[in-house]
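In the numbering used here, the protein residues as written are 404 to 709.
Worksheet for the structure shown next.
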Amino acid sequence: MDRLIERILAMKNPTVAGLDPKLDYIPAAVREAAYAEYGRTFEGAAAALLRFNKGLIDALCDIVPAVKPQAAYYEMYGWQGMRTLQETIAYAKEKGMYVITDGKRNDIGATMEAYAAAHLGATDIEGEAYPAFDSDALTVNGYLGTDGIAPLLAQCKAREKAIFVLVKTSNPSSGELQDLPLADGMTVYERMGRMCEQWGQEQVGRYGYSAVGAVVGATYPEMLTELRQKLPHTFFLIPGYGAQGGGAEGLRGGFDERGLGGIVNSSRAIMCAWKKEGCDDFKAAARREALRMREDILRVLPGLGR
């Protein structure tokens with residue numbers, strides 16, 4: 404997590420751009436160029452996604468510290484889409500960006516070890532270790548308990564990686580389970596948050612945050628504030644800003660007095676800024692939206708980096 408925080412401080416920008424590309428989000432000229440080369444096939448679609456992603460990364464890499472590709476948007480294009488996911492991760496890292504794969508993986512034992520190796524570690528092939536996707540961090544579902552988290556912690560320690568555990572998510576129905584009270588008076592989301600503190604206690608970095616982060620939505624500002632106070636060593640990945648309705652004013656409570664402690668995600672607002680502006684240059688439009696978002700958030704975080 405220290406590497407992510409250092410990029411946030413260097414750029415004075417606690418935001419992450421989600422790379423969740425649908426074909427409809429990609430300008431027609433980019434799609435048609437890919438189809439002309441590979442046809443209207445999975446291969447053509449995957450090529451269009453990669454060209455779009457590389458254009459966004461080029462436009463954002465000097466102002467946005469991180470990207471967050473959502474695995475589902477690549478999986479639906481078959482193995483060609485998964486190749487694009489790997490190539491997107493590699494390209495973003497080549498440009499110096501921190502990469503969070505949004506996979507929400509959830510399993511136990513050897514299966515979770517396989518997920519951990521695939522996304523954060525390396526795969527053993529006859530005694531040689533090869534990284535597969537090699538993200539810096541991975542989102543995970545912690546509702547199988549420690550059995551589902553322990554294999555990830557080993558990779559975090561060995562390879563300086565991080566995870567973000569679903570705690571209080573931004574979707575409207577999250578409260579159906581996450582807000583339920585437990586026998587001890589805690590809510591389910593608070594208990595999950597406290598488990599994040601426990602899971603990360605042996606991997607706390609120099610900025611005071613551990614390798615085990617939490618996903619906490621901007622759409623619930625009171626709970627965001629509550630969890631920041633109760634989880635002092637847990638860094639937040641904060642979805643829900645912009646397209647999902649979360650605003651900058653509600654974000655302040657998710658950060659500490661230094662302006663650290665969280666990174667705010669925006670996906671569609673950045674990827675589709677060219678549509679909103681009615682322009683053809685998706686890269687320039689994405690950059691303008693990312694700069695606007697940065698200034699909007701810094702307005703409520705005057706202490707960032709001081």
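Glycine included, each C-beta is placed from N, C-alpha and C at the ideal position.
Because the structure is a prediction, the values reported are computed rather than measured.
Item                                                                                                                                 : Value
Anticipated Cβ contact below 8 Å, serine 793 with leucine 523, distance rounded                                                      : With the chain covering only 404 through 709, there is no way to say anything about residue 793.
Chain-order list of residues whose beta-carbon lies under 6 Å from that of methionine 515 (same chain, five-residue window excluded) : Gly551, Pro554
Contact the stretch 651–658 vs the stretch 671–686: 3+ CB pairs below 8 Å                                                            : no
Own chain, CB closer than 6 Å to asparagine 662, minus 5 neighbours either side, in chain order                                      : Note that residue 662 is glycine in the sequence shown, not asparagine. Within the same chain, glycine 662 has close Cβ partners Leu704, Gly706, Leu707.
Leucine 630 versus valine 607: straight-line alpha-carbon distance, rounded                                                          : 18 Å
Whole-Å CB distance - methionine 595 paired with glycine 545, under 8 Å assumed                                                      : 6 Å
Arginine 508 in three-state terms, based on DSSP                                                                                     : strand
Beta carbon of isoleucine 466 nearer than 8 Å to that of methionine 414                                                              : yes
Exposure label - cysteine 682; buried when at least 16 CB within 10 Å                                                                : exposed
Backbone CA spacing between tyrosine 501 and proline 472 [nearest angstrom]                                                          : 11 Å
For valine 618, the nearest candidate out of Gln581, Ala693, Ala651 (CA to CA)                                                       : Gln581
Classification of glycine 421 by the beta-carbon crowding that lies within 10 angstroms, buried from 16 upward                       : buried
Burial state of leucine 745 (16 or more Cβ within 10 Å)                                                                              : As shown, the chain starts at 404 and ends at 709. That puts residue 745 outside it, with no answer to give.
Status (buried if at least 16 other CB within 10 Å, exposed otherwise) for glycine 665                                               : buried
Cβ distance (whole Å) where valine 620 is taken to contact histidine 636 below 8 Å                                                   : The sequence shown places glycine at residue 620, rather than the valine named in the question. No, glycine 620 and histidine 636 are not in contact; Cβ-Cβ is about 20 Å, not under 8 Å.
Assigned exposure category for glutamine 558 - 16 Cβ within 10 Å defines buried                                                      : buried
Pick from Asn416, Thr487, Tyr428 that is closest to alanine 449, judged by C-alpha positions                                         : Thr487
CA nearest to the CA of glycine 699, picked from Tyr644, Ala676, Ser670, Ala513                                                      : Looking at the sequence itself, residue 699 is aspartate, so the reference to glycine does not match. Answer by Cα proximity: Tyr644.
Burial state of leucine 583 (16 or more Cβ within 10 Å)                                                                              : exposed
For lysine 679 and arginine 691, the rounded distance between their alpha carbons                                                    : 12 Å
Secondary structure of alanine 413, DSSP reduced to three states                                                                     : helix
Three-state secondary structure assigned by DSSP to phenylalanine 639                                                                : strand
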